[in-house]
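In what follows, a structure is listed as structure tokens, so that the remarks can point back to it.
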Amino acid sequence: MRNVRLPDVTSDAAASPSSRAARVKLAPSLLSCDFTQLGAELNRIVTADYVHVDVMDGLFVPNISFGFPILAAARRASPLFMDVHLMIERPERYLREFAEAGADGMTVHVEATPHIHRAVGMIHELGKRAGVSLNPGTPLEAVRPVLSDVDLVLVMSVNPGFGGQKFIPQSVERIRTVRRWLDELGSAAELEVDGGVTPQNARLLADAGATVLVAGSSVFGPQGPEVGLARLREALA
0 MRNVRLPDVT SDAAASPSSR AARVKLAPSL LSCDFTQLGA ELNRIVTADY
50 VHVDVMDGLF VPNISFGFPI LAAARRASPL FMDVHLMIER PERYLREFAE
100 AGADGMTVHV EATPHIHRAV GMIHELGKRA GVSLNPGTPL EAVRPVLSDV
150 DLVLVMSVNP GFGGQKFIPQ SVERIRTVRR WLDELGSAAE LEVDGGVTPQ
200 NARLLADAGA TVLVAGSSVF GPQGPEVGLA RLREALA
């Protein structure tokens with residue numbers, strides 16, 4: 000079995016805000032990396048906690064990204080946890096293929112399937128961590144029926160499809176609400192935020208209850224991912 004570094008999913012509800020922020024995990028998004036240097040880029044983010052892999056089909060979102068071959072190449076190049084975000088219609092069709100390509104966790108959108116419980120169950124049957132996500136315009140109530148079944152909830156803080164977008168400020172209250180729901184359930188599920196994450200808002204998101212921050216352009220910036228990750232860590236210290 001490959002030596003994949005699994006994330007710590009223990010609950011930190013009783014921790015102080017400062018200690019919770021310092022323990023927030025960082026998930027650089029491959030969507031913003033230099034694909035001509037994929038292996039090298041992955042080596043430069045070895046201090047991260049996850050690799051966030053955005054899969055887009057041009058139907059669920061107005062863009063097409065990458066699929067099985069890129070994920071498989073990333074899997075071969077890195078021992079980090081592969082956090083695969085499926086922005087695709089009817090994701091149930093491809094869960095096995097993404098699992099075989101190297102996904103450690105797969106997140107599906109409530110808007111993308113009428114059978115969200117089935118999709119979550121299928122991911123677990125494949126031996127992977129299951130996540131659920133929703134777009135900024137989707138009522139939060141849409142995820143409540145599966146909160147007790149998932150390992151991760153992803154709150155989108157931009158409309159998905161493209162990197163480099165500005166953070167939607169109303170997302171902070173949505174994060175607080177999901178955090179409260181998870182705490183009420185006694186759930187150890189991660190609360191992930193994706194979209195417009197920067198050193199300027201990272202601490203705000205952590206204080207609202209996020210435990211994983213996805214960052215693309217703020218990590219893979221002109222000064223390099225090592226500097227991008229360091230600046231996010233400093234903001235969370």
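Everything in the sequence shown is counted per numbering that gives the first Met the number 0, starting at 0 for the first residue and increasing by one.
Just so it is clear, CB atoms sit at the ideal spot from N, CA and C, and this is done for glycine as well.
The model shown is predicted, which means the values in this text are computed figures rather than measured ones.
According to DSSP, simplified to helix, strand and coil, what is residue i?
i: phenylalanine 65; result: coil
i: aspartate 206; result: helix
i: leucine 296; result: Residue coverage of the chain in this structure runs from 0 to 236, which leaves residue 296 outside it and unanswerable.
i: glycine 120; result: helix
i: proline 138; result: coil
i: serine 10; result: In this prediction, serine 10 scores a pLDDT of 47, lower than 50, which makes its location untrustworthy; no coordinate-derived value is stated.
i: alanine 47; result: coil
i: aspartate 148; result: helix
Rounded to the nearest angstrom, what separates residue i and residue j at their Cα positions?
i: aspartate 82; j: tyrosine 49; result: 6 Å
i: asparagine 200; j: valine 213; result: 12 Å
i: glycine 194; j: phenylalanine 161; result: 9 Å
i: alanine 100; j: phenylalanine 67; result: 6 Å
i: arginine 22; j: glutamine 222; result: 24 Å
i: asparagine 42; j: glutamate 96; result: 25 Å
i: glycine 57; j: serine 28; result: 18 Å
Taking the alpha-carbon of residue i as reference, which of the options has the nearest alpha-carbon?
i: tyrosine 93; options: Ala207, Met121, Val60; result: Met121
i: valine 60; options: Gly227, Pro68, Leu133; result: Leu133
i: arginine 230; options: Arg75, Thr197, Arg74, Phe166; result: Thr197
i: arginine 202; options: Val171, Leu235, Gly185; result: Leu235
i: proline 138; options: Glu124, Gly163, Ser170, Asn42; result: Ser170
i: threonine 35; options: Phe97, Ala72, Ala26, Leu125; result: Ala72
To which residues of the same chain is residue i closer than 7 Å at the C-beta, ignoring the five residues directly before and after it?
i: valine 149; result: Val119, Ala129, Gly130, Val131, Ala188
i: proline 90; result: Val107, Ala111, Thr112, Ala118
i: leucine 184; result: Leu146, Ser147
Taking DSSP's pairing of strands, which residues face residue i in a bridge?
i: aspartate 53; result: His84
i: serine 156; result: Answer by DSSP bridge pairing: none, since serine 156 is not bridged.
i: serine 132; result: His108, Leu153
i: lysine 24; result: Val211
Report all residues from its chain with a CB closer than 6 Å to the CB of residue i; omit the five preceding and five following residues, and keep chain order.
i: histidine 84; result: Asp53, Thr106
i: glutamate 40; result: Cys32, Asp33
i: isoleucine 115; result: Val109, Val145
For residue i, which residues of its own chain have a beta-carbon under 8 Å away from its beta-carbon, when the five flanking residues on both sides are left out?
i: valine 152; result: Gly130, Val131, Ser132, Val142, Leu146, Val177, Leu181, Ala188, Glu189, Leu190, Glu191
i: valine 157; result: Pro135, Gln164, Lys165, Phe166, Ile167, Asp193, Gly194, Gly195
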